[in-house]
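Novice:
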Amino acid sequence: MVRRMCVLLAVLFALPAQAEGTPARFRYCSLDIDYPPYSRLDGSGHLQYLMALAVRSTGVEFDLRVAPRRRCIEELRTGLVDGMIGGYTPERAGIAVFPMAGMLPDADKAVATPRYYTYRKKGAPLQWDGVRFSGLGEGRIGVESGFTVIIEQLQRLQVRYDDNAKSLGPNFGKLAAGRLEGVIAMEAEAEQLIARSYAGLLERAGRPFDETPLYLMLSRPFHARHPAYAARLWQTLQDHRASVGYRQYQQTHP
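Residue numbers for the sequence shown follow my numbering, so the first one is 179 and each next one is one higher.
1) How would you label arginine 182, buried or exposed, when you count the other beta carbons within 10 angstroms and need 16 or more for buried?
2) What do you get for alanine 232, buried or exposed, if any count of 16 or more other CB atoms within 10 angstroms of its CB means buried?
3) Which residues does DSSP pair with glycine 360 in a beta bridge?
4) What's the gap between the Cα of leucine 254 and the Cα of tyrosine 393?
5) Short of 7 Å in beta carbon distance, which residues of its chain neighbour proline 386, apart from the five on each side in sequence? Order them along the chain.
6) For glutamine 426, does the count of other Cβ atoms within 10 angstroms reach 16, so buried, or fall short, so exposed?
7) Excluding five sequence neighbours on each side, which residues of the same chain lie with their C-beta closer than 8 Å to the C-beta of alanine 408?
8) What are the boundary residues of the alpha helix (DSSP H) that includes leucine 346?
9) Quick check on DSSP: helix, strand or coil for proline 215?
10) Could you give the distance in angstroms between the alpha-carbon of proline 283 and the alpha-carbon of arginine 270?
11) How many Å lie between alanine 192 and leucine 258 at the Cα?
12) Which two residues bound the contiguous alpha helix (DSSP H) that contains serine 397?
13) Could you pull out every residue in the same chain whose Cβ sits closer than 8 Å to the Cβ of aspartate 388, ignoring the five residues on either side in sequence?
14) Rounded C-beta distance between aspartate 435 and valine 321? I'm assuming under 8 Å.
15) Using a threshold of 8 Å, state whether the C-beta atoms of alanine 368 and tyrosine 297 are closer than that.
16) Where serine 312 and glycine 384 are concerned, what is the direct C-alpha to C-alpha distance, given to the nearest angstrom?
17) Round the Cβ separation of glycine 360 and lysine 344 to the nearest angstrom and send it over; I've been treating them as touching at under 8 Å.
18) So isoleucine 329 is in the alpha helix (DSSP H); what residue range does that whole segment cover?
19) Tell me which same chain residues have a C-beta within less than 8 Å of the C-beta of threonine 236, skipping the five on either side of it?
20) Provide the residue(s) that pair with glutamine 416 in DSSP beta bridges, ordered along the chain.
21) CB-CB under 7 Å to phenylalanine 350, same chain, minus the five flanking residues each way: which ones, in chain order?
22) Would you kindly work out how many angstroms separate the C-alpha atoms of aspartate 260 and arginine 205, rounded to a whole number?
23) Would you check if the distance between the CB atom of proline 391 and the CB atom of alanine 285 is smaller than 8 Å?
24) Within this structure, are the beta carbons of lysine 287 and proline 277 separated by less than 8 Å?
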């Protein structure tokens, strides 16, 4: 009798741990600004679509939340949200969990790898050769707030920068007005904005400044509760990223 009770208690105590295997919902934090083509306020961005597709295919409710980048990162740190998309840095690795391959993030698990260029006023002397800037003088480079990977590179280069704007529009406005010497921006978004509002006024300044793989970062509390599901979700994202359906969505939602 005592033995049967012990077995029953062991089973009961094991149930909560088993129930934690797959979450009921996944709380995803997305930016409160358009960041085409990856995220948009209406939820139609490529990575928003990919995240919803992957999460729902695992039988989990997808809970899309919108907030400024810094708030997303803070809520990820505290476990108020379960995941967000971002580039790997040692600082972020201290507050979130990335898909890893040894000591480095697993490049195969990246959900996108956007290219960033430096943009200048047409005909200006500013140039980026892949190693250093020329023609910058005492000028400043504009970069969106929260672009941690880019900002850290500018700091290493000891380049003066302005990260007060949280979106590209204000930075391009400053550049066109002569208040910045250059702006570092994601290629896809920058080219669309130039074609729409700055044709003949702004242009690229040399080689790509950065190509940063983006990953699904998970909050540490979520990963601790659902380690097997986390691995499954990272793999599911990889599978759907390579799917015909996702490629078609990218083509129909440029």
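Think of the CB as a built atom: it goes at the ideal place given N, C-alpha and C, for glycine as much as any other residue. These figures come from a predicted structure and were not determined experimentally.
Specialist: Short version:
1) For arginine 182, the predicted structure reports a pLDDT of 44, less than 50, and the residue's modelled location is therefore unreliable. A value from the coordinates is still provided. Exposed, by the Cβ-count rule.
2) buried
3) Ile319
4) 14 Å
5) Arg293, Tyr294 and Tyr295
6) exposed
7) Val275, Leu396, Phe400 and His401
8) 346-354
9) coil
10) 12 Å
11) Residue placement at alanine 192 is poorly supported in this model, since its pLDDT is 38, which falls under 50; the coordinates are not used for a value here.
12) Taken as a continuous stretch (DSSP letters only), serine 397 belongs to no alpha helix (DSSP H), being part of the beta strand (DSSP E) at 392-397.
13) Arg293, Tyr294, Val327, Ile328, Gln331 and Ile362
14) There is simply no residue 435 to check, as the chain begins at 179 and stops at 432 in what is shown.
15) yes
16) 10 Å
17) That belief does not hold up - the Cβ atoms of glycine 360 and lysine 344 are roughly 18 Å apart, past 8 Å.
18) 326-334
19) Thr200, Tyr407, Arg410, Leu411 and Thr414
20) In the DSSP output, where bridge partners are listed per residue, glutamine 416 has none listed.
21) Val361, Leu371, Tyr376 and Leu380
22) 5 Å
23) yes
24) yes
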